[in-house]
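*Asks:* I have a structure I would like to understand better, so I am pasting it below and will then ask my questions one at a time.
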Amino acid sequence: MIKHLVVAVGLLLPMVGAHAEVNKHARSLAASCAACHGTNGKSQGGMPVLAGLDKALFVTQMKDFKSGARPATVMHQHAKGYTDEEFELMGSYFASLKR
Amino acid sequence: MSINRRDFLKLSGAGIAIGAFPGLAFASSEIVKKKGQRVVIVGGGFGGATAAKYIRTWSNNKIEVVLVERNAKFISCPMSNTVLGGTRTIDDLTQSYDTLKKKYGIKLIHGEVTAIDTEKQAVMLANGHLKYDRLIVAPGVDFMFDQIEGLTADVTNESIPHAWKAGAQTVMLRKQLESMPDGGVFALSIPKAPYRCPPGPYERACQVASYLKNSKPKSKVLILDANPDITSKKGLFMAAWKDLYPGMIEYRANAAVSKVDVAGKIAKTEFEDVKADVLNIIPPMKAGVVASMAGVVSADKRWCEVDFLSYESKVHKNVHVIGDAVAAALPKSGHMATSQAKVCAAAIIELMQGKVPDQAPTIVNTCYSMVSDREAMHVANVFRFNAEKQAMVSAEGGGVSAARSEIEGTLAGYWLKNIMDDVLM
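Here the protein sequences come in this chain order: A and B.
The first sequence begins at 1 in the numbering used here and counts up one residue at a time.
The second sequence begins at 100 in the numbering used here and counts up one residue at a time.
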């Protein structure tokens, strides 16, 4: 029982803890988006803020851009260049950042 | 032994590395004493300044960064065509380097590099030298004036500006447009690709036409393109010219300018002599001269070949090259320079700890072009590392706007705000 509990907590809080190791590949993927969305996703105006965006929402948005379900001026073209796995990675990264 | 810069350039042009001159680096004093691990970055444009900020941030300020830049302030080349159109001033594109110094602890040296010793790992300036563990060369482009008879750096500063680096020449070109008579000819010469900012010249034609349409409607814009066709966003530019500036813009393909009559403002191609009221020759380009000093120019004697996992030079260890100077099937743009800079920064931090850098760098590039005072269109692509080809290749799905729009004109302004902030704040 106790063992199960520990596992469950571990699953729920994968990024908690002062020394949570950043996923550098995810950080690197996300860094390229800063030209529009600001350093660490903190847009300085006009473009949506990505910092602190809910991961599930992020991934849904990216998939919708990719499929065309969400119309866009530019994001459909970016989204098509990434895999679903990369959406997950970037989603976790942006969700871990403070707004 | 004394080597002046001109001799040095001749020698390096002949393929002799600067390392062949022992003692050069230590003939002078150390400008800032090197204590811990240090990266020296030469060139504070989009690429160099971004690398500086991200190395500091991502290393938790553990790696010392010295940034060498010749200009007192940063001026954005992207969007500088709008200074010609009149919707922005050069001040709108100018920002100080103060935040990089104060917030990130980057040591900024304003000066000209005179030589680089890759053996002794030192960068020479007029007043001394800087030692490095790793060097980033981010020199942007320099111009191949020898390709156009009659054109020199002085001529471009005095009467026939290229205005292909934003600054005094951009302002001069705008003034020339203002004093041009109605009914005059603005002639624009485009070099063979690759050159900085592929859609830039065609955007410039739009911005100049936008100004002329309102102020001097009988005037003409004549494009002399050395390329066989419009190199970027072709359909969108042709539509913009036809819809927004009917009868005003004339385009000639395969029209390389080989000679200029400076006093007469005449550009000569293989087929004709073109007399202009305002002449704007964008000369062919190569990696900025600092790359030659470092001996890292390898492709076509013009560009620098790198390992795309780290942007380390294929010629010299511990020397990295980013931005326009890189030889690659990647657009030479501001956004691309920042994207490369971040891959390079992350890799250098790993390498300095004896670790392996990210093996799957994936980066994005977007270029907006302003085709009027309000409307813009873009080209966007994701590029990923291909291990088999050892190259960055375009991923699925990139492309251009469906049509120019005012929405994208507004977004282009926000892009500028955010990227300037990402680089400098």
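Even for Gly, the Cβ is constructed at its ideal location relative to N, Cα and C.
When the Cα atoms are used, what is the spatial distance from residue 81 of chain A to residue 487 of chain B?
*Replies:* Cα-Cα distance, rounded: 19 Å.
*Asks:* Where do the ends of the alpha helix (DSSP H) carrying residue 270 of chain B lie?
*Replies:* Its alpha helix (DSSP H) spans residues 267 to 277.
*Asks:* Mind checking whether residue 481 of chain B and residue 78 of chain A have CB atoms under 8 Å apart?
*Replies:* In contact: residue 481 of chain B and residue 78 of chain A (Cβ atoms closer than 8 Å).
*Asks:* From residue 291 of chain B to residue 206 of chain B, what distance separates their C-alpha atoms?
*Replies:* Roughly 38 Å separates the two Cα atoms.
*Asks:* Given 8 Å as the limit, is there contact between the stretch 243 to 261 of chain B and the stretch 153 to 169 of chain B, that is, 3 or more CB pairs closer than that?
*Replies:* Too few Cβ pairs lie closer than 8 Å, so no.
*Asks:* Should residue 488 of chain B be flagged as near chain A, meaning a C-beta pair shorter than 8 Å?
*Replies:* By this cut-off, residue 488 of chain B is not an interface position.
*Asks:* Can you pull out the residues from the stretch 55 to 74 of chain A whose beta carbon lies closer than 9 Å to at least one beta carbon of chain B?
*Replies:* Against chain B - using a Cβ distance shorter than 9 Å - the residues of the stretch 55 to 74 of chain A are 66, 73, 74.
*Asks:* Hey, how far is the Cα of residue 500 of chain B from the Cα of residue 300 of chain B?
*Replies:* For residue 500 of chain B and residue 300 of chain B, the distance between alpha carbons rounds to 18 Å.
*Asks:* With a threshold of 8 Å between beta-carbons, can residue 372 of chain B be considered close to chain A, or not?
*Replies:* Chain A contact via Cβ: absent.
*Asks:* What's the gap between the Cα of residue 509 of chain B and the Cα of residue 99 of chain A?
*Replies:* Between residue 509 of chain B and residue 99 of chain A, the C-alpha separation is close to 24 Å.
*Asks:* List, in chain order, every chain A residue whose beta-carbon is nearer than 9 Å to that of residue 517 of chain B.
*Replies:* The answer, in chain order, is 34, 35, 36, 37, 38, 39, 43, 44, 45, 46, 47.
*Asks:* In chain order, which continuous runs of the alpha helix (DSSP H) of length 4 or greater are located wholly inside the stretch 130 to 172 of chain B?
*Replies:* For the stretch 130 to 172 of chain B, whole alpha helix (DSSP H) runs of length 4 or above, ordered along the chain, are 145 to 157.
*Asks:* If we ignore side chains and look at the alpha-carbon of each, how far apart do residue 408 of chain B and residue 309 of chain B end up?
*Replies:* Residue 408 of chain B and residue 309 of chain B: Cα-Cα distance of roughly 42 Å.
*Asks:* With a threshold of 8 Å between beta carbons, is residue 494 of chain B in contact with chain A?
*Replies:* Yes, because at least one Cβ of chain A sits closer than 8 Å to the Cβ of residue 494 of chain B.
*Asks:* DSSP beta-bridge partners for residue 43 of chain A?
*Replies:* According to DSSP, which records beta bridges pairwise, residue 43 of chain A is partnered with nothing at all.
*Asks:* How many whole angstroms separate the CB atoms of residue 186 of chain B and residue 440 of chain B, which I take to be in contact at a CB cut-off of 8 Å?
*Replies:* Going by Cβ atoms, the distance from residue 186 of chain B to residue 440 of chain B rounds to 28 Å, so no, they are not a contact pair.
*Asks:* Residue 227 of chain B lies in the beta strand (DSSP E); which residues open and close that run?
*Replies:* Note, residue 227 of chain B: beta strand (DSSP E), 227 to 230.
*Asks:* Are three or more beta carbon pairs between the stretch 178 to 198 of chain B and the stretch 444 to 463 of chain B nearer than 8 Å?
*Replies:* In short, these stretches do not touch, since the Cβ pair count stays below three.
*Asks:* Distance cutoff 8 Å, beta carbons only. Does residue 50 of chain A sit that close to anything in chain B?
*Replies:* Cβ-Cβ to chain B under 8 Å: no for residue 50 of chain A.
*Asks:* What residues of chain D sit near residue 31 of chain A, judged by a beta carbon separation below 7 Å?
*Replies:* Of the chains in the structure shown, none is chain D; the protein chains are A and B.
*Asks:* Could you tell me if residue 274 of chain B is buried or exposed, where buried requires 16 or more neighbouring beta carbons within 10 angstroms of its beta carbon?
*Replies:* Answer is exposed; the Cβ neighbour count stays below 16.
*Asks:* Here's the rule I'm using: 16 or more other beta-carbon atoms within 10 Å means buried, otherwise exposed. How should residue 95 of chain A be labelled?
*Replies:* Label assigned to residue 95 of chain A: buried.
*Asks:* Restricting to runs no shorter than 3 residues, where is the beta strand (DSSP E) found entirely within the stretch 297 to 359 of chain B?
*Replies:* Complete beta strand (DSSP E) runs here, min 3: 319 to 324, 348 to 351.
*Asks:* Using 8 Å as the cut-off, can you tell me whether the stretch 279 to 290 of chain B makes contact with the stretch 395 to 402 of chain B, which would need three or more C-beta pairs spanning the two stretches below that distance?
*Replies:* No, the stretch 279 to 290 of chain B is not in contact with the stretch 395 to 402 of chain B.
*Asks:* Classify residue 420 of chain B as buried or exposed, calling it buried when 16 or more other Cβ atoms lie within 10 Å of its own Cβ.
*Replies:* So residue 420 of chain B ends up on the buried side.
*Asks:* Please return the same chain residues whose Cβ sits closer than 7 Å to the Cβ of residue 55 of chain A, not counting the five positions on each side in sequence.
*Replies:* Only 91, 92, 95 meet the Cβ criterion.
*Asks:* Could you tell me how far apart the beta carbons of residue 284 of chain B and residue 321 of chain B are, in whole angstroms, since I believe they sit closer than 8 Å?
*Replies:* About 6 Å; that satisfies the 8 Å criterion.
*Asks:* Starting from the N-terminal side, write out each stretch of the beta strand (DSSP E) that is 3 residues or longer and does not extend beyond the stretch 175 to 245 of chain B.
*Replies:* Runs found: 206 to 209, 212 to 216, 221 to 224, 227 to 230, 233 to 236, 240 to 242.
*Asks:* In the DSSP assignment, find the alpha helix (DSSP H) that holds residue 389 of chain B and state where it starts and stops.
*Replies:* First-last of the alpha helix (DSSP H) with residue 389 of chain B: 388 to 392.
*Asks:* Near residue 238 of chain B, which residues of its chain fall below 6 Å by C-beta distance, leaving aside the five closest residues on each side in sequence?
*Replies:* The residues are 142, 387, 389, 390, 424.
*Asks:* Would you say residue 96 of chain A faces chain B, with C-beta separation under 8 Å as the test?
*Replies:* Output row for residue 96 of chain A: interface = no.
*Asks:* Note the first and the last residue of the continuous beta strand (DSSP E) segment covering residue 477 of chain B.
*Replies:* Run containing residue 477 of chain B: 475 to 485, per the beta strand (DSSP E) assignment.
*Asks:* When DSSP builds the beta bridges, which residues end up paired with residue 372 of chain B?
*Replies:* In DSSP, residue 372 of chain B forms a bridge with B:367.
*Asks:* Does any C-beta atom of chain B lie closer than 8 Å to the C-beta of residue 91 of chain A?
*Replies:* Judged by the 8 Å Cβ criterion, residue 91 of chain A is not in contact with chain B.
*Asks:* Please report the Cβ distance between residue 521 of chain B and residue 73 of chain A, rounded to the nearest whole angstrom; I am assuming they are in contact, meaning their Cβ atoms lie under 8 Å.
*Replies:* About 20 Å separates the two Cβ atoms, so there is no contact after all.
*Asks:* Would you mind giving the Cβ-Cβ distance between residue 531 of chain B and residue 466 of chain B, rounded to the nearest angstrom? I have them listed as a contact below 8 Å.
*Replies:* Absent from the model: residue 531 of chain B. The displayed extent of chain B is 100 to 524, so no value can be given.
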